[in-house]
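The block underneath contains the structure these notes are about, expressed in structure tokens.
Residue numbers (this note's numbering): 37 to 327.
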């Protein structure tokens, strides 16, 4: 009897210790998990570190203000030179925008495929709600952001969200790509279709964003011009000098590791609609400059 009572007390004490060790969420509902004031329309999620944008229900993560190294002196010409960029704080979708969310927006799409029509349309493998919306051009991605009250990330914001502040080669670090970390051409599913937006949790970035390497390329706000890195502003850079040629980031499912690095860059005409290009969205932090 005495032993049973002692065991019960011990379990209760352990439970109390565990609860005490957990960080308490901020008591003010206007404050985020990091103690920052949240913008209107954003609430703390159920899981620590996650937020929810009420309009589209997207789970978001916070990228705090501060400097990071953008580009790489080891990369391609367009990825040089490595340079320091200072960004305001912002929130970025944890996952790529899915077909489910595109449908919820009420924006048009074709359930089949007809390349003669300038509309978002199903890829060859069909529409699956949990997979990223694709065959969406930059202008159509902007229509979604307008509906949701959000925006596309700048190229610098995208890279910081993927890379963090330690200059890592991939979102998860400098270790090689594995099937648990990214959807690249070595992954079996890449021969069939894209993967669900919530796959590859082991490849999450330092801030918790998933699939920032592989699966689909992602549209950024910036246009592309050669040599921009050499003259890029240090604070909140945004290149709008390249007209309708827009940056995409992150690589895609049928590409090798070179394209999946955090600093790898590619660009497309803003009206191009491709089956391995999608997007994710961001929200500026309170007091941050609006691109």
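Cβ atoms here follow ideal geometry from the backbone N, Cα and C, with glycine treated the same way.
Note that the structure is a prediction, hence the values are computed from the model and not measured.
Same chain, Cβ closer than 7 Å to residue i, five either side skipped, listed in chain order
i	result
residue 179	143
residue 323	none
residue 274	190, 257, 258 and 327
residue 120	103, 105 and 270
residue 297	205 and 206
Residues near residue i in its chain [Cβ-Cβ closer than 6 Å; skip 5 each side]
i	result
residue 174	255, 282 and 306
residue 248	198, 207, 241 and 286
residue 186	317 and 319
residue 260	278, 281, 283 and 303
residue 251	219, 230, 231 and 289
residue 114	301
residue 299	107, 108, 111 and 115
residue 200	242
residue 216	238
residue 141	180 and 183
residue 46	Only weak support exists for where residue 46 lies, its pLDDT of 39 falling under 50; the value from the coordinates is given anyway. Excluding positions up to five away in sequence, the list is empty.
Given residue i as reference, the closest of the options once Cα atoms are compared
i	options	result
residue 197	168, 232, 236 and 102	102
residue 272	177, 251, 195 and 234	195
residue 238	302, 132, 151 and 214	214
residue 96	325, 234 and 323	234
residue 158	321, 313, 317 and 325	313
residue 139	115, 172 and 123	172
residue 123	106, 228, 163 and 297	106
residue 170	298, 299, 300 and 288	288
residue 227	311, 141, 110 and 100	311
residue 137	164, 246, 201 and 216	164
residue 295	211, 146, 253 and 162	253
residue 246	67, 125 and 130	130
residue 126	212, 210 and 188	188
Nearest-angstrom Cα separation, counted from residue j out to residue i
i	j	result
residue 182	residue 208	31 Å
residue 176	residue 156	8 Å
residue 57	residue 64	Low per-residue confidence applies at residue 57: pLDDT is 39, beneath 50, and the placement is therefore not dependable enough to give any value.
residue 315	residue 263	25 Å
residue 104	residue 148	43 Å
residue 118	residue 267	12 Å
residue 319	residue 90	12 Å
residue 81	residue 265	36 Å
residue 128	residue 153	31 Å
residue 167	residue 135	6 Å
residue 98	residue 132	15 Å
residue 325	residue 270	14 Å
residue 225	residue 292	14 Å
residue 231	residue 77	29 Å
residue 87	residue 222	33 Å
residue 71	residue 93	22 Å
residue 202	residue 79	29 Å
residue 244	residue 151	36 Å
residue 308	residue 74	35 Å
residue 100	residue 193	11 Å
residue 162	residue 236	21 Å
residue 321	residue 276	22 Å
residue 211	residue 66	38 Å
Residue span of the alpha helix (DSSP H) that contains residue i, given as start and end
i	result
residue 12	Only positions 37 to 327 of the chain appear in this structure, which leaves residue 12 out of reach.
residue 135	135-141
residue 264	264-267
Enclosing beta strand (DSSP E) for residue i [first to last residue]
i	result
residue 79	78-80
residue 74	Counting along the chain, residue 74 falls outside any beta strand (DSSP E), and DSSP gives it neither H nor E.
residue 98	94-99
residue 144	Here residue 144 belongs to no beta strand (DSSP E), and DSSP marks it neither H nor E.
residue 303	302-305
residue 299	Segment: none, residue 299 is in no beta strand (DSSP E) and carries neither H nor E.
residue 258	253-259
residue 129	126-129
residue 104	102-106
residue 320	318-320
residue 67	Taken as a continuous stretch (DSSP letters only), residue 67 belongs to no beta strand (DSSP E), as it is neither H nor E.
residue 32	Look at the range of the chain in this structure, 37 to 327, and you will see that residue 32 is not part of it.
residue 285	281-285
residue 122	119-123
Cutoff 8 Å: residue i Cβ touching any chain D Cβ
i	result
residue 165	Of the chains in the structure shown, none is chain D; there is only one protein chain.
**Study point:** Sequence ranges, alpha helix (DSSP H) only - wholly within the segment 150-237, length at least 4
**Key:** 174-184 and 191-199
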